[in-house]
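Below is one structure, written out as structure tokens; the observations come after it.
Number of protein chains: 2
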Amino acid sequence: MKNIDVCLTPDLLHLHKIDNAIVVVADVFRATSCMVTAFAHSVSCIVPVATVEECRALQERGYLAAAERNAMKVDGFDLDNSPFSYMESWMENTKVAMTTTNGTLAITKSRSAVKVLVGSFLNLGAIAHYLQSQPYDVIVLCAGWKGRPNMEDTLFAGALIERLKENYMIAEDSAIMAWRLYNQGKGDLLSYLANSSHIRRLQRLGISKDIAYCLQHDLYDVVPVLRGNTLVNMEI
Amino acid sequence: MKNIDVCLTPDLLHLHKIDNAIVVVADVFRATSCMVTAFAHSVSCIVPVATVEECRALQERGYLAAAERNAMKVDGFDLDNSPFSYMESWMENTKVAMTTTNGTLAITKSRSAVKVLVGSFLNLGAIAHYLQSQPYDVIVLCAGWKGRPNMEDTLFAGALIERLKENYMIAEDSAIMAWRLYNQGKGDLLSYLANSSHIRRLQRLGISKDIAYCLQHDLYDVVPVLRGNTLVNMEI
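Chains A and B, in that order, give the protein sequences. Mapped onto this note's numbering, the consecutive letters of the first sequence carry residue numbers 39 to 274. Mapped onto this note's numbering, the consecutive letters of the second sequence carry residue numbers 39 to 274.
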């Protein structure tokens with residue numbers, strides 16, 4: 039039987055053997071929700087980069103560039119980190135470069151996995167469906183916040199486990215804890231998250247609309263996958 | 039208001055500022071439960087050491103020596119890692135040297151804190167009572183298992199938060215998650231832990247009696263504290 043495990047932050051990724059597993063990266067508020075939304079609106083690719091400088095270099099080569107630090111857009115870039123910025127029809131077939139505080143780093147750290155997928159509540163069902171067709175173990179990598187575990191990405195991990203529980207072993211405590219937290223909170227995730235640190239951070243920024251959006255399940259049937267240095271929407 | 043935060047594994051301790059906080063180390067199954075039991079049975083001190091070799095060196099200097107690796111006693115040592123081994127009347131006023139897979143490392147990593155306390159369910163109330171008399175923030179350091187978070191130490195962190203919630207801010211997601219898990223499981227911790235990885239590891243070793251013992255709350259009124267390299271029972 040395949041295993042599903044959870045890595046609560048990229049700072050613990052060294053404890054996981056990812057070379058023979060599919061890694062699903064989640065940075066629910068908001069990087070991976072933006073990526074999923076962008077692919078659902080037909081961008082052609084997204085290049086996740088670690089630094090603002092790399093992002094600017096791609097901008098100069100014609101990419102739409104999105105740079106976020108500490109939940110705010112960096113000056114001089116085209117796109118912020120709100121999923122609503124990725125729904126415009128003129129974005130169709132554009133190439134996007136993106137750097138964020140946590141999510142893009144988590145993706146670049148996972149490169150040695152069999153496959154790296156981008157997960158969010160928005161494409162939860164599509165991710166679960168794809169994983170079940172594959173022979174590999176799964177590791178959900180929660181992007182967290184500056185190295186620390188966070189609630190929303192842990193809840194996503196729990197949600198994915200809930201979808202896969204019939205066909206996967208849930209062997210490790212991080213996975214069991216994520217699953218239990220999701221089951222405790224799933225009736226009203228927004229209230230359950232009300233005290234979490236990142237929700238408070240985002241609410242100070244006045245973007246509660248983003249939060250409610252990112253918590254919707256199964257909005258889009260897209261599975262972003264890393265090919266080389268570039269995310270593309272997998273043809274399924 | 040003072041803060042209480044949780045570090046889910048020693049591998050994340052670099053993300054916490056411990057220099058102005060009291061660190062409570064928990065390795066519930068079984069290192070810190072053994073230590074608390076030993077102090078409750080009047081050992082004079084416990085020296086936690088990182089390696090089996092250091093432990094042997096102290097044995098040669100007359101210490102009772104306890105060395106555990108992978109939940110098993112290392113050959114040639116006096117004591118194993120069962121709390122029932124620390125209840126003998128002849129242990130009174132003896133000096134103990136101890137090395138374990140996770141717990142002693144967590145203690146030695148915390149040395150720069152204002153104070154390092156040893157916590158377990160057995161002395162939960164004593165720890166909570168002492169902390170409330172102090173002006174410092176609190177960080178609960180879960181010993182985990184070889185760098186990974188585990189369920190039982192996370193539940194201890196949640197139990198301590200439950201006791202301190204009136205007087206401390208619970209600001210970070212790791213702390214909120216630990217607290218919620220404890221509240222979900224507190225009615226029957228033994229069942230709640232039944233699928234956890236370390237319980238399965240210990241049950242294979244046939245020590246379910248230890249597990250039930252270690253989950254008892256408030257059995258002993260002792261507060262082990264690190265003084266230099268040595269744990270002593272704080273005079274309160």
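For glycine and all other residues, C-beta sits at the position ideal for the given N, C-alpha and C. Note that the structure is a prediction, hence the values are computed from the model and not measured.
Asked, Found
"Three-pair Cβ contact test at 8 angstroms for the stretch 73–81 of chain A versus the stretch 47–61 of chain A", "no"
"Of the residues 165(B), 205(B) and 231(B), the one placed nearest residue 192(B), counting alpha carbons only", "231(B)"
"Candidates 269(B), 245(B), 201(B) and 248(B), of which the one nearest residue 256(B) by Cα", "201(B)"
"Test: residue 48(B) CB closer than 8 angstroms to a CB of chain A", "no"
"Interface positions of the stretch 191–209 of chain A facing chain B (Cβ-Cβ less than 9 angstroms), listed along the chain", "192, 208 and 209"
"Check whether residue 69(B) and residue 138(B) have beta carbons under 8 angstroms apart", "yes"
"Given residue 183(A) as reference, the closest of 221(A), 227(A), 269(A) and 240(A) once Cα atoms are compared", "240(A)"
"Contact set between residue 234(A) and chain B, taken where Cβ atoms lie within less than 8 angstroms", "211 and 214"
"Exposure of residue 189(B), with buried meaning 16 or more beta-carbon neighbours within 10 Å", "buried"
"Selection of the stretch 217–229 of chain B by Cβ proximity to chain A, strictly under 7 angstroms", "218, 219 and 222"
"For residue 268(A): DSSP bridge partner residues", "265(A)"
"When 267(B), 102(B), 223(B) and 164(B) are compared against residue 128(B), the one with the closest alpha-carbon", "102(B)"
"Rounded distance between the beta-carbons of residue 174(A) and residue 39(A), thought under 8 angstroms", "The Cβ separation is near 12 angstroms, so there is no contact."
"Boundaries of the beta strand (DSSP E) in which residue 133(B) is found, first to last residue", "133–137"
"8 angstroms Cβ cutoff met for residue 217(B) and residue 185(B)", "no"
"Assigned exposure category for residue 147(B) - 16 Cβ within 10 Å defines buried", "buried"
"Span of the alpha helix (DSSP H) around residue 247(A)", "246–252"
"For residue 90(B), the nearest candidate out of 254(B), 135(B), 120(B) and 234(B) (CA to CA)", "135(B)"
"Cβ-based burial, residue 266(B) [other Cβ within 10 Å; buried from 16]", "exposed"
"Members of the stretch 51–63 of chain A near chain B, C-beta cut-off 7 angstroms", "53"
"Partners in chain A for residue 136(B), counting only beta-carbon separations shorter than 7 angstroms", "Correct list: empty, because the minimum Cβ distance to chain A is about 24 angstroms."
"CB contact below 8 angstroms: residue 110(A) versus chain B", "no"
"CA-to-CA distance, residue 88(B) to residue 124(B), given in whole angstroms", "20 angstroms"
"Per-residue contacts from residue 185(B) into chain A (C-beta, under 9 angstroms)", "50, 52 and 53"
"First through last residue of the alpha helix (DSSP H) which encompasses residue 147(A)", "141–147"
"Members of the stretch 123–155 of chain A near chain B, C-beta cut-off 9 angstroms", "none"
"Length of the line joining the Cα atoms of residue 221(A) and residue 93(A)", "38 angstroms"
"Whole runs of the alpha helix (DSSP H) within the stretch 134–218 of chain A, excluding any shorter than 4 residues", "141–147, 162–170 and 189–202"
"Cross-strand partners of residue 103(B) (DSSP beta bridge)", "135(B)"
"For residue 81(A) and residue 261(B), the rounded distance between their alpha carbons", "59 angstroms"
"Residues bridged to residue 41(B) (per DSSP)", "207(B)"
"Close Cβ partners of residue 43(A) (< 6 angstroms) along its chain, the five nearest in sequence each way excluded", "177, 210 and 213"
"Neighbourhood of residue 236(B) by C-beta, 7 angstroms cutoff - its chain only, sequence neighbours within 5 removed", "67, 183, 188 and 190"
"Nearest candidate by alpha-carbon position, reference residue 73(B), set 47(B), 160(B), 225(B) and 229(B)", "160(B)"
"Burial state of residue 105(B), where buried means 16 or more other Cβ atoms lie within 10 Å", "buried"
"DSSP state of residue 81(B) mapped onto helix, strand, coil", "coil"
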